[in-house]
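Okay, so the sequence shown: first residue is 182 according to our numbering, each after it adds one. Note that beta-carbon positions come from the ideal geometry of N, C-alpha and C, so glycine has one too. Read through the structure below, which is laid out as structure tokens, and then see the notes.
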Amino acid sequence: MHNLLRKSATTTLLAIAGIVGVVFAPPHLAAQRAPVALVTIPSHKNFDQTVGQLKTSVGKGGMMIMAEVDQGKMLAMTGLTLKASLFLIGNPTVGKQILEQDHAAGLYVPLRVYVYEGSDGHTYLSYDRPSALLAPLNNAGVNKIAGMLDQKLEGLTQMATR
């Protein structure tokens, strides 16, 4: 019984130490665990208009759509009716600049933009800020490009939703 209580107390202390370590972690470690900065913009257009305008805006903005995944079509196989498309958006020259500095950045670029119709019938556009996605790489050069991509993506998505 005494050993069982000692093990229980040790387990409790380790759990508390883990919680304290997470709460009081150094800022540079806490930043690495920060959630991705999700941006969701309501569109003033319907789903098809928003998708069309996104495609136009991306081209005008010097980027390209590298892939489109019609998630609504795939989910229809399960019986779910949903208007939703995921786009991989990028610029090969910018991608090269990022990947030359850190090959692991390929996990995050090209960027993902998601257009969907919400349960309220309105259309939304969502993406993760590139600076938040690429921050865990801890690379000043990548961070500089990511900041520029934040601005670029914000402008493109605003054009697509207005």
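Hey, could you find the ends of the alpha helix (DSSP H) Leu261 is sitting in? No alpha helix (DSSP H) holds Leu261; DSSP gives it neither H nor E.
If we ignore side chains and look at the alpha-carbon of each, how far apart do Ser312 and Asn272 end up? 16 angstroms
Backbone CA spacing between Leu330 and Val323 [nearest angstrom]: 10 angstroms
Comparing alpha-carbon positions, which option in Ile246, Thr262 and Asp251 lies nearest Leu269? Ile246
Using the rule of at least 16 other Cβ atoms within 10 Å of the residue's Cβ for burial, across every protein chain shown, is Asp309 buried or exposed? buried
Near Lys264, which residues of its chain fall below 6 angstroms by C-beta distance, leaving aside the five closest residues on each side in sequence? Phe228, Gly253 and Glu298
On the premise that Lys241 lies in contact with Thr304, defined as a C-beta separation below 8 angstroms, what is that separation, rounded to the nearest angstrom? Going by Cβ atoms, the distance from Thr304 to Lys241 rounds to 20 angstroms, so no, they are not a contact pair.
Opening and closing residue of the alpha helix (DSSP H) in which Val323 lies: Ala321 to Thr342
Would you kindly work out how many angstroms separate the C-alpha atoms of Gly260 and Val250, rounded to a whole number? 18 angstroms
Since Met255 is in the alpha helix (DSSP H), which residue starts that stretch and which ends it? Gln252 to Ala257
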